[in-house]
Amino acid sequence: MTQAHLAAPRLTGVEEAKRIVLEQATTLGTERVRLEKSMGRVLAQDTIAATALPPFDNSAMDGYAVRSADTAGASREAPIRLRLVGEIAAGRVLQREVGRGEAVKIMTGAPLPPGADSVVMLEEARLREGMVEIFADAPPGGHVRRAGEDIRGGEIALKAGTRIRFQHLGLLAGLGYATLAVYRRPTVALLATGSELVNIDEPLMPGKIRNSNSLVLAALLRRLGIEPVDLGTVIDERNLIRRQMEQAATCDVILISGGVSVGAHDLVKTVLREMGMETLFWRVNMKPGKPLLFGRLSVGGSRDRIVFGLPGNPISCVACFVVFIAPYLKRVTGESEPANGLVRARLTQSLRKKEAKTVLLTAQLREDAGTLVVAPTPQQGSGMLTSLAQANAFIVVPEDTMQLEAGSVVEVLPLGGDS
Ligand code: AMP
Ligand code: MG
């Protein structure tokens, strides 16, 4: 096949490309994981509170459990005296009823004894000759945590489609979810192509550069809870690419970088076509990231494989990941309605572009006096690793916007800095 034939004239618009990608995103069944292994996984079922939280009325303070009515009118000048009839520590239960004129010493978290409806904190009381002097009115329910005030039994605690973050673990632990039904994660293969590539720890011979894409893509995958199968690098040689691709095709998703452009040594498309891949699109109207290839590879009996052929340029690679691959993987892993992640911020300078394409600029997003402002990094370029290192976001300039004034509001895709 000639290169001229491979060079399809039409570029797919970013929104259309996203739609095509997401159309292919289906979940892969479910499995059970232990709660302590569930971080980053996505719930496959609603989690229902089997019990209420808290499970019983309990004291929010160290103090005295009393009958509110007994304390009416109490003050420092005219304390009300109640008879101390017992003590309850957290973890214990006192069956004895608190009767009229009585008080029970109670610790934070201990169940409120029958008869009592309020807790007087230690600071508002004093023990004297077996009697408790109460210095203030104890309103009904005062310093009492009601059973079910956190969550009632039978209520939905977390909905299916929730990605488990640390904030969710306490609730799930509290409800006794020792294991959870979560969506399976796809296996993802990483392969970097290019005869110029050497590993990070290898010396740089003339004409060579280090493979940075694999490491960056692996880190981006781990943020989604996916540990990739890294197949390393392969030179621009048809048979070798084919052999590695066959290895990669044991995984559900294949991320292959380099060799998808229109150069003489861009053999990835050729190999994939030989292997029978159905091209769903090739080349998007986006900069950086234009050569992106997306397809479906049938491997007989089992599920079709999804292939993302990423441009080799490191910034293009990241742009394609955050715009297409991350939303795809979020949906495959069952996340419900993943947010598009965009925020709006004020531009610090004017911007101009020549072509009607979606442009992503490495940028610094920061807060200034209560508003978000964003500045493009001084250098832009699909190979500028320092610009990416300075960036915490991409400015997304839409296809049909050719000019933006300083101070105008633009859409920004934060890159996330938590891991
Ligand atoms: P390609 O998409 O193969 O035409 O590569 C575009 C540019 O990205 C070239 O300058 C390559 O040297 C560079 N490149 C390709 N793969 C990698 C990689 N894994 N790490 C860093 N740079 C790469
Ligand atoms: Mg190449």
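Sequential numbering of the sequence shown, starting at 95, is according to the working numbering. Backbone N, C-alpha and C define an ideal beta-carbon position, used for all residues, glycine too.
Item	Value
Measure the alpha-carbon distance for alanine 102 versus glutamate 109 and round it to whole angstroms.	In this predicted model, alanine 102 has a pLDDT of only 49, less than 50, meaning its place in the structure is not dependable enough to derive any value.
Can you tell me whether DSSP reads isoleucine 245 as helix, strand or coil?	strand
Please classify proline 173: is it buried, with 16 or more other beta-carbons within 10 angstroms of its beta-carbon, or exposed?	buried
Kindly indicate which residue of Glu431, Lys302, Arg279 and Arg336 has the alpha-carbon position closest to the one of lysine 253.	Glu431
Bridge partners of glutamate 372, per DSSP?	Arg390
Runs of 3 residues minimum, wholly inside the region 200 to 267: which ones carry the beta strand (DSSP E) assignment?	212 to 215, 219 to 222, 225 to 228 and 250 to 252
Glycine 510: buried (16+ other C-beta within 10 angstroms of its C-beta) or exposed?	exposed
Going by Cα to Cα distance, which pick from Arg377, Pro382, Ala166 and Ala286 is closest to isoleucine 303?	Ala286
Quick check: aspartate 164 and leucine 216, are their CB atoms within less than 8 angstroms of each other?	no
Nearest by alpha-carbon distance to aspartate 346: which of Arg332, Gly107, Arg126 and Arg390 is it?	Arg390
For the 8 angstroms Cβ check, are there 3 or more pairs between the region 211 to 227 and the region 247 to 263?	no
Considering only the alpha carbon of each residue, which of Arg446, Ile350, Gly167 and Ala358 lies closest to glutamate 493?	Arg446
Relative to the alpha-carbon of proline 128, which residue among Glu499, Asn379 and Thr273 has its alpha-carbon at the smallest distance?	The amino acid occupying residue 128 in the given sequence is arginine; proline does not appear at that position. Here the closest residue by C-alpha is Thr273.
To the nearest angstrom, how far is the alpha carbon of leucine 482 from that of aspartate 324?	22 angstroms
Under the three-state reduction of DSSP, which class applies to glutamine 474: helix, strand or coil?	coil
Among Ile419, Lys424, Val491 and Thr427, which one has its Cα closest to the Cα of arginine 438?	Val491
How is lysine 381 classed by DSSP in three states: helix, strand or coil?	strand
What does proline 297 pair with, by DSSP beta-bridge criteria?	Paired residue(s): none; proline 297 is not in a bridge.
Can you find the residues in the same chain that come closer than 7 angstroms, C-beta to C-beta, to aspartate 360, ignoring five residues on each side of it along the sequence?	Gly353 and Val354
For a test of the three-state rule: what should DSSP assign to isoleucine 329, helix, strand or coil?	coil
Alpha carbon to alpha carbon, how far is glutamine 338 from serine 410?	23 angstroms
Using DSSP with H/G/I as helix, E/B as strand and the rest coil, what is alanine 98?	With a pLDDT of 48 at alanine 98, under the threshold of 50, the modelled position of this residue cannot be trusted; read the value that follows with caution. Alanine 98: helix per DSSP, three-state reduction.
Is it buried or exposed, arginine 104, if we count other Cβ atoms within 10 angstroms and call 16 or more buried?	exposed
When DSSP builds the beta bridges, which residues end up paired with glutamate 461?	Leu466
Can you determine whether any heavy atom of the ligand MG sits closer than 7 angstroms to the C-beta of threonine 327, and answer yes or no?	no
Taking phenylalanine 488 as the reference, which of Arg317, Arg336, Pro382 and Pro234 has the closest Cα?	Pro382
Under the criterion of a Cβ to heavy atom distance below 7 angstroms, does proline 382 qualify as lining the ligand AMP?	no
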